[in-house]
Each structure stands twice: as structure tokens, then as C-alpha cells.
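The opening position of the sequence shown corresponds to residue 1 in the numbering used here, with each subsequent residue numbered one higher.
Just so you know, even glycine gets a beta-carbon here, dropped at the ideal spot from N, CA and C.
Heads up: the structure comes next, in C-alpha cells.
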Amino acid sequence: MSSNTPSEMLEPSIDTDKLSYEIFSILESKFLFGYDDNQKLWIPKPISPPASEPMVQPGDENSLPAIKNQRGKICILSIDSGGMKGILCGKALAYLEKALKSKSGNPNARIADYFDVAAGSSVGGIFTAMLFATRDNNQPIFTAEETWRFLVDNGKRIYRSGAGKNGGILKKKILKNGSTGSSSNGMEKAMKEAFTAGRRSLTLKDTLKPVLIPCYDLSSTAPFLFSRADALETDSFDFPLWEVCRATSAEPGLSGPVLMQSVDGQTKCVAVDGGLAMSNPTVAAITHVLHNKQEFPFVRGVEDLLVLSLGTGQLLEVSYEYEQVKNWRLKDWAKPMARISGDGSADSVDQTVAMAFQQCRSSSYVRIQVTYFMDTQHVGCFVCVMRFRCGPNVDTDPSASNVKLLMEIGGVAELLPLLLSSNPALRSTRFLSQPTQFVPFLETQKQLTKEEEEEEEERRRKIAAFNETMELN
1 MSSNTPSEML
11 EPSIDTDKLS
21 YEIFSILESK
31 FLFGYDDNQK
41 LWIPKPISPP
51 ASEPMVQPGD
61 ENSLPAIKNQ
71 RGKICILSID
81 SGGMKGILCG
91 KALAYLEKAL
101 KSKSGNPNAR
111 IADYFDVAAG
121 SSVGGIFTAM
131 LFATRDNNQP
141 IFTAEETWRF
151 LVDNGKRIYR
161 SGAGKNGGIL
171 KKKILKNGST
181 GSSSNGMEKA
191 MKEAFTAGRR
201 SLTLKDTLKP
211 VLIPCYDLSS
221 TAPFLFSRAD
231 ALETDSFDFP
241 LWEVCRATSA
251 EPGLSGPVLM
261 QSVDGQTKCV
271 AVDGGLAMSN
281 PTVAAITHVL
291 HNKQEFPFVR
301 GVEDLLVLSL
311 GTGQLLEVSY
321 EYEQVKNWRL
331 KDWAKPMARI
341 SGDGSADSVD
351 QTVAMAFQQC
361 RSSSYVRIQV
371 TYFMDTQHVG
381 CFVCVMRFRC
391 GPNVDTDPSA
401 SNVKLLMEIG
411 GVAELLPLLL
421 SSNPALRSTR
431 FLSQPTQFVP
441 FLETQKQLTK
451 EEEEEEEERR
461 RKIAAFNETM
471 ELN
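Dropping the structure here:
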């Protein structure tokens, strides 16, 4: 890795946070409220601190104002596990990257330019590697648009739909020493091509920013976190990226574990799916930043962070009645328990992080999670929801029909939070995932101005037009 000059290592001025806040404004406007923000973006100019001013050490408690001027917000990107549902995350990232190019005026702007740390589990780990891996130590290999397209193009290499009652059972083929077949060989070839420079396989060191990708290590019976920071310290924790992506996506019992070792052969890992260890890796990313004083010396707490957490959606009805489940056998519990574990873990992390941010949550923590409920008692409010009937294997089905459905959901996902938040009766119920600005934390609904009421009416009109189009189709 190339060494940085002293000027490159200086923390940016606090004024540069305005661009970071614009990123979150873009996301909140599009994906939480269903409209585009056409306001002009203020682009901060690079500020070079005077050479005569020495860097202030983090431990100097008598110089907090100076530290504040040197410290900028650290932006964290976290992407959940979720199989084919990762298309939703990919579509969100593609929109964000397109908006960043437009707002900043830089046609070459990438996601990696605006985030300091990235964490991803399972399919989120693959996306993380794609967005931050580099062959020239300058530009990411893939654009955000290419993440979801990669999943669409290679879905049948990762998953294979079965027939009959158990159709759509996960058949992940990204194994090192697993089952053979053209699917396995094809996926392995695709991953190697994605993360190879010449004849050399790219490793964790070949990423532009710190990345964190989890798996579960059966040999140590504990989660294992592939980390660029650890890889930079020693080759014993540096692994080929294509193997890291296979490891974080190795579904136990369905695709089998992955035996892998570090580039120097000193560290071995028997890896299974990272989604089992942490389906939502946001906490791992936050903890990494708070305790990594070498790369983030001026971070004192969550008030110095900006976090974007992308869920892959909860697209199935997950409530069950007693009469429905009382006679279930072990095989009947398998899939529901897997989803309960994954979704419950992700939701728990979301709630924990939200509580940790407290008052600064609405401006520093954004969680995007599309949730669809098939509830006939609220037909008027959930008309958009009920247009999409997801199959029981939506996360493992690579068929063209399921891909089309997920792409359609990704195209209208931004409308649903508006539908929910516009109904006062649902603000405190299980149907609403606590909008960050529409209903501020521990505050009541704000009084809308005349201009805001007109904007709200326009958004409702667009939703009504969309629903009419869906009925015609």
C-alpha cells in the first residue's frame, strides 16, 4: 500500500460534513419520503490547514475546539445479508451513486469516495468487496449499478431452483472443497475474474477503504471478521477477496462450509454464512471505528459518525397463529426459524444502534428496510403493498419472475414509508419502522407549512397515479 503524505493524513474541516449530510438528505428524500430533493448542493472547497498549526493530539482535553475543527464525521456503510433480496440494496446504492454524480458535478464519483468504512454480510459482503476493491489503488473496480446486475446475471450460479414442494431450496455453489458441477465452476470463475488483477488474486489489502466482512468459523466456534485493518498489520489475516466472498455466503447444510487460509498459510478458517454470525453488521462497523485509533484518531463517540444501514427487506408475512403452528414438526420449523433468527437479529441491531445515537439519531443514523405486510384490514393504506406477492423462497429464487418482482419492488420501495407515515393511526404500531424525520424521535408530528402541505399533496397524487397504473397492469 502506498504511504500517505502528512497533508493527506490531515482530518478534513468540519465544514466538509455538509456534503455528508447532503448524502443522507438524498437518501431520506428518495427512500423514506418518496420524492426528489432538487435543491442545489453546496460543495465545500478543500481547506488546507496552515502549516504553522501543529496537529492536536486526541488525548489533549484542553484543546477540544481545535480537535473539533480537525475532525470530520466518519461515514459508515453497512449492508445486510439476504440472498437475492440484495437486489433492493443494489438498486438503492445505484440511485445514491447516480445522485452523487449529479449533485457533486463529478461524473466519476463512486460510493467509495463518500464512505470511510464499509461492512457487509453474505450478499452484502459481496457488494462491499465489489464497491471498494481496486486494481490500481485509485478507482473501484465496480460501480454501484453493477452490484445488483452482478447478482441478477449470476443468481443461477449461486442458487438453483428445485422442483415440487421444496422448489427454490438454496443451492449456493461458491465452495472451495464442496460439491462439483458447472454451477460451482461457473461461480468460482466469475468471482475470480471479478477480483483478479493480471495473474494475481486481489486480497483484503486491495481495498480503497477499511472493509469488514463476517463469517462464522466452525473451527473456533466464533464469528470471524475479515478486516482490511488486520490484513495491513500482518499477512496472517490477509485473505483473497474472492474466497472471502465465498466464505461469507456459504449457507450451512445447503452449500457446505469453506476451508480457507490466509495468504501466508498461518491462519485457517472453516467458514459458513456470515449472515448467521451477524445478519446486520452495523454494530461491528461502529465498534471497529470507535476502537481503531490508528485510522480514526479523532473519533470519540457516535456523535462523530454518520451511518447508513441498508436492509434487504422483510418481504414475507412472518406472523403465525397458534392453531397454525401447534402441530408443526421439525421440518416445518426449519425455514421460519431461519428467517426469525435473521430478521430478529437485524432488527435488534437496528434498535440498539438507534438507542445509542439517541438525540442525534435523525441526522446521523439512517436505516433503510423495506417491509411488506399482507394485511387485509388496511387495504386503503396497503394497496401498494398488496400488489407484490412474494414467494416463500424470495431470497433464494434466481428465476426471471422473482428477479423481475424484486426489481419492481426496488423501483417503488421509496413510496411505502410515505404511505405508512401519512397515516397517524400507524405511527406507533408494528407496521411502521419509525421514520427518522417525518416523526422525530420523542417528538410529536410537526405542523406543516402551506408549502409543505402542497408538496405532501403532490406526493399523494403521484402515489395514487402509481396505484392506478398497477391496477391496469
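Secondary structure of residue i, DSSP reduced to three states
i: Asp-217; result: strand
i: Ile-74; result: strand
i: Arg-157; result: helix
i: Thr-134; result: strand
i: Gly-301; result: coil
i: Ala-144; result: coil
i: Arg-200; result: strand
i: Phe-127; result: helix
Burial state of residue i, where buried means 16 or more other Cβ atoms lie within 10 Å
i: Ser-122; result: buried
i: Glu-321; result: exposed
i: Gln-314; result: buried
i: Gly-124; result: buried
i: His-291; result: exposed
i: Trp-148; result: buried
i: Asn-137; result: exposed
i: Lys-85; result: buried
i: Gln-294; result: exposed
i: Lys-326; result: exposed
i: Arg-228; result: buried
i: Gln-369; result: buried
i: Thr-221; result: exposed
i: Ser-219; result: exposed
i: Gly-198; result: exposed
i: Pro-281; result: buried
i: Ser-279; result: buried
i: Glu-193; result: exposed
i: Gly-311; result: buried
i: Glu-97; result: buried
i: Lys-404; result: exposed
i: Asp-562; result: The structure shown does not extend to residue 562, since the chain is modelled only from 1 to 473, so the question has no answer here.
i: Lys-91; result: buried
i: Ile-74; result: buried
i: Met-130; result: buried
i: Pro-140; result: buried
For residue j and residue i, the rounded distance between their alpha carbons
i: Ser-399; j: Val-302; result: 42 Å
i: Gln-266; j: Ser-236; result: 5 Å
i: Cys-269; j: Glu-323; result: 43 Å
i: Leu-330; j: Met-337; result: 10 Å
i: Asp-206; j: Ser-401; result: 36 Å
i: Thr-248; j: Leu-259; result: 12 Å
i: Met-191; j: Ser-363; result: 37 Å
i: Tyr-365; j: Ile-213; result: 20 Å
i: Ala-277; j: Gly-120; result: 12 Å
i: Ile-111; j: Cys-89; result: 13 Å
i: Arg-246; j: Trp-328; result: 33 Å
i: Arg-430; j: Asp-273; result: Caution applies to Arg-430, whose pLDDT of 31 falls short of 50 and renders its modelled position unreliable; the value that the coordinates give is listed next. Straight-line Cα distance between these residues: approximately 29 Å.
i: Asp-350; j: Arg-367; result: 7 Å
i: Trp-333; j: Phe-239; result: 36 Å
i: Gly-342; j: Asp-80; result: 10 Å
i: Cys-215; j: Leu-77; result: 18 Å
i: Gln-358; j: Val-289; result: 18 Å
i: Ala-231; j: Ser-255; result: 27 Å
i: Ser-309; j: Val-117; result: 12 Å
i: Glu-251; j: Leu-306; result: 31 Å
i: Gly-72; j: Lys-209; result: 16 Å
i: Thr-196; j: Ser-262; result: 16 Å
i: Phe-132; j: Glu-243; result: 16 Å
i: Phe-224; j: Arg-135; result: 26 Å
Sheet register partners of residue i (DSSP bridge)
i: Ile-368; result: Leu-310
i: Ser-341; result: Partner(s): none; Ser-341 has no beta bridge.
i: Ser-227; result: Leu-212
i: Ala-222; result: Asp-217
i: Thr-352; result: In DSSP, Thr-352 forms no bridge with anything.
Any non-hydrogen atom of the ligand ADP within 8 Å of residue i CB
i: Asp-116; result: Only the bare structure without any ligand can be found here, which leaves the ligand ADP out of the picture.
CB contact below 9 Å: residue i versus chain C
i: Lys-192; result: Looking for chain C here will not work: only one protein chain is present.
- Item | Whole beta strand (DSSP E) elements within the stretch 234-298, 3-residue minimum | 258-261, 268-272
- Pick out the complete alpha helix (DSSP H) segments inside the stretch 78-120, 4 residues or longer, and give them in chain order. 86-104
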